[in-house]
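Numbering (this note's numbering), first residue to last: 15 to 114. Here a beta-carbon is modelled for each residue, glycine too, at the ideal position from N, C-alpha and C.
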Amino acid sequence: MFHRPPDPTRREAETVTVTLDGRPVRARTGDTVAAVALLAGLDHTRTNPATGERRAPYCMMGTCFECLMVIDGEPSRQACLVTVREGMVIERQHGAPRLR
15 MFHRPPDPTR REAETVTVTL DGRPVRARTG DTVAAVALLA GLDHTRTNPA
65 TGERRAPYCM MGTCFECLMV IDGEPSRQAC LVTVREGMVI ERQHGAPRLR
């Protein structure tokens, strides 16, 4: 399970509330969407369009594209490169995104 190690030198961080797959989740300001998804216990962030296989964040630095999610209605966003903000709506991406 993904978890944040304790940091005794860091004081209590500011938090924001985001909606993750329809449920409110508290997140630290400055965290990425991918980190919040993993900390919230999601076992995957998208499914493969061809096989339906579940995929989850891997590199956490924008290289692998395994962390694609729908963020504020925009599909195929790299969750590891997007910082959470108050009121953000985040959803897992199922299959191929629809073209606008």
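- In the pairwise beta carbon analysis, the segment 58 to 65 is classified as not touching the segment 31 to 38: fewer than three pairs are separated by under 8 Å.
- Within the DSSP bridge table, the entry for Met83 names Arg91, Arg106 as partners.
- In this structure, Cys81 lies away from Ala64, with their beta-carbon atoms at least 9 Å apart.
- Non-local beta-carbon contacts of Thr31 in its own chain, meaning distances under 8 Å to residues more than five positions away in sequence, involve Pro38, Val39, Arg40, Ala41, Glu100, Gly101 in chain order.
- For Met83 and Asp21, the gap between their C-alpha atoms comes out near 29 Å.
- Short of 7 Å from the beta carbon of Met75, and not among the five residues preceding or following it, lie these beta carbons of its own chain, in chain order: Cys94.
- Boundaries of the beta strand (DSSP E) harbouring Leu34: 29 to 34, taken from the DSSP string.
- Pairing Ala27 with Thr43, the inter-Cα distance amounts to about 7 Å.
- Ranked by Cα distance from Asp45, the first of Tyr72, Leu52, Val98 is Val98.
- Distance from the CA of Gln107 to the CA of Val47, rounded to the nearest whole angstrom, comes to 13 Å.
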